[in-house]
Structures are given as structure tokens and as C-alpha cells.
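A quick write-up on the structure given underneath.
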Amino acid sequence: MAFPEYRRHPLPKHAKPPLSWLALCLLGLIFSPFVGFAIHGKVADPGVIVWLWFAVIPLSGLAAIAVLHWSAWRRLPAHIGEEWTTGKIVPAEGARASVPPVRFSNEKNWIETLSDGVALSRNCLLSMQGVSEAAAKLWVADNAGEMFIPWGDIAEWGVDTDSDGLDYYLLQLRSGGMTRVRRFPPDHATESDLLNAVRSVGQVPISLRWDVDCE
253 MAFPEYRRHP LPKHAKPPLS WLALCLLGLI FSPFVGFAIH GKVADPGVIV WLWFAVIPLS
313 GLAAIAVLHW SAWRRLPAHI GEEWTTGKIV PAEGARASVP PVRFSNEKNW IETLSDGVAL
373 SRNCLLSMQG VSEAAAKLWV ADNAGEMFIP WGDIAEWGVD TDSDGLDYYL LQLRSGGMTR
433 VRRFPPDHAT ESDLLNAVRS VGQVPISLRW DVDCE
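If you count by my numbering, then the sequence shown holds residues 253 to 467, one letter each, in order.
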């Protein structure tokens with residue numbers, strides 16, 4: 253069975269944010285007060301005026317970068333722009349596959365795909381939002397060491413990342429709630445194998461808001 257790569261279309265070079273110029277402008281903005289006060293010789297109102305004049309240069313640079321980047325995004329093909337703003341949807345795969353349970357694990361974290369749903373270890377269950385009786389379900393998970401979610405309750409399986417924390421899967425539930433699950437590299441499989449199982453066994457579409465290493 254052929255599965256697609258879990259990656260978005262790459263951004264053209266002109267649409268990528270100019271990180272080096274952004275960093276240069278931000279550094280200029282940060283150090284402009286020191287330049288102003290150094291030229292004046294002391295911390296006083298005239299130094300503030302010089303600081304503000306020097307701050308105009310990096311602020312103008314940031315404004316120019318924003319305009320150019322916005323213009324570049326407007327020239328992107330619609331499907332690529334949508335993938336990088338709202339995510340790429342990989343639909344469920346054909347008819348529901350009938351396979352034995354498969355556990356994807358790494359130390360205390362594991363996700364097991366079953367014919368009727370997915371079981372999650374308590375360690376990889378990060379949070380539940382907007383879920384009815386969430387406290388009671390978490391209490392059961394704490395005691396049982398795992399949580400079970402039927403495939404029919406999952407509307408979408410999102411692949412996401414957090415720059416300030418852990419990478420995670422965001423399970424959008426048909427009830428309107430969300431369950432956040434830790435992403436981890438399985439010991440004896442790949443992340444693509446797990447997503448393939450979600451699509452074929454669970455008949456759940458994948459929403460890519462972050463690219464997956466398919467090797």
C-alpha cells in the first residue's frame with residue numbers, strides 16, 4: 253500500500269522569512285538606546301531623542317521586511333499558502349483495514365492502534381480541552397496507566413509542534429474537544445508507520461501543521 257509523504261510542499265526561496273535580516277533589525281532595535289546615550293554621554297532626555305532617531309532605522313527595516321514578505325506570500329499558489337497557514341490534510345486511506353493491534357512505544361510513551369480505537373499511555377497524554385468529564389477520565393487514566401479513545405470519536409489527527417515545549421499530536425474530537433498527545437520517535441518503527449495506521453485502521457484524516465521525518 254502506497255502512502256504519501258507527511259510533508260507540506262516546500263516554500264519557494266522568495267517566500268521564506270529573511271531570518272538574517274530580521275535578526276539584524278532586532279539587534280539594531282535592542283542596541284539603539286545604548287547608541288543614543290553613548291553619543292550624548294549620559295542618560296538624559298537628549299539621549300532619548302537620539303535613541304529614537306536611531307531606532308527609526310531598524311523599525312523601517314522591519315516594516316520593509318513585513319511588506320516584502322506579505323507580497324511574497326500573495327504570489328504563492330493557493331494550495332501552498334493554505335498548507336503553510338492552516339495545515340495540509342492527508343485523507344483517510346480507502347476502506348478500514350483489519351489488522352492486529354500494533355503498539356508504537358518509546359520507554360514510558362506508547363500509542364497502540366486497535367481495530368476499534370487507539371490506546372494511549374498516561375505518560376504521553378498531555379492535556380484534554382473541552383472534553384466532557386475530563387477530570388474523571390484523567391483520574392481513570394492515572395489509575396489504569398492508559399486511556400482509550402474510539403476511532404469514531406476522533407475527527408482529525410493533527411501533527412504539530414510547540415517552540416516552547418513538546419511536539420504533540422492534537423486529536424480533534426467530534427464532540428468539539430481536543431486531546432493533546434506527546435509526539436515521540438517509536439523504537440521499532442517510524443512516525444510515518446503510526447500515521448499510516450491512523451489513516452488505514454482508524455479511517456482518520458491527518459492534519460499536518462508540521463512536517464514529519466518520513467525515514
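All residues carry an ideal CB built from backbone N, CA and C; glycine is no exception.
Point to revise | Nearest to Ala371 (by Cα), restricted to the options Pro402, Glu359, Pro352, Glu385 | key: With distances taken between Cα atoms, Ala371 lies closest to Pro402.
Review point. Distance, Cα to Cα, Ser357 vs Leu271?
Key: C-alpha of Ser357 to C-alpha of Leu271: approximately 36 Å in a straight line.
Point to revise | Exposure of Met253, with buried meaning 16 or more beta-carbon neighbours within 10 Å | key: In this predicted model, Met253 has a pLDDT of only 45, less than 50, meaning its place in the structure is not dependable; the value taken from the coordinates is given anyway. Burial is judged here by how many other beta carbons sit within 10 angstroms of a residue's own beta carbon; Met253 has fewer than 16 and is exposed.
Review point. Is DSSP giving Val456 helix, strand or coil here?
Key: Val456: coil per DSSP, three-state reduction.
Exercise for review: Pull up the CB-CB distance for Pro310 and Gly333, whole angstroms please, since I reckon it's below 8 Å.
Suggested key: No, Pro310 and Gly333 are not in contact; Cβ-Cβ is about 28 Å, not under 8 Å.
Review point. Per DSSP, Lys360 forms a beta bridge with which residues?
Key: Lys360 is not bridged to any residue.
Review point. Does the beta-carbon of Glu257 have 16 or more other beta-carbons within 10 angstroms, so that it is buried, or is it exposed?
Key: The residue is exposed, with fewer than 16 neighbouring Cβ atoms inside 10 Å.
Check your understanding: Excluding the five sequence neighbours on either side, which residues of its own chain have a C-beta within less than 7 Å of the C-beta of Asn375, listed in chain order?
Key -> Same-chain partners within the cutoff: Lys360, Asn361.
Check your understanding: First and last residue of the alpha helix (DSSP H) that includes Asp394?
Key -> Its alpha helix (DSSP H) spans residues 386-396.
Check your understanding: If we call anything under 8 Å between Cβ atoms a contact, is Ser459 one with Trp391?
Key -> Ser459 is not a Cβ neighbour of Trp391, given a cutoff of 8 Å.
Practice item. Going by CA-CA distance only, name the one from Lys265, Met380, Leu304, Asp405 that's closest to Trp325. Key: Checked all of Lys265, Met380, Leu304, Asp405; the closest Cα to Trp325 is Lys265.
Point to revise | Cβ-based burial, Glu335 [other Cβ within 10 Å; buried from 16] | key: It is buried - the Cβ of Glu335 has at least 16 other Cβ atoms within 10 Å.
Check your understanding: Between which two residues does the alpha helix (DSSP H) containing Glu334 stretch?
Key -> Here the alpha helix (DSSP H) through Glu334 covers 330-337.
Check your understanding: Quick one, are the C-beta atoms of Glu345 and Val354 less than 8 Å apart?
Key -> Contact: no.
Point to revise | Supposed close pair Pro457, Leu446 - CB separation, criterion 8 Å | key: Not a contact, Cβ separation roughly 14 Å.
Point to revise | CA nearest to the CA of Ser379, picked from Val308, Asp368, Tyr420, Leu366 | key: Selected option, being the one with the closest Cα: Tyr420.
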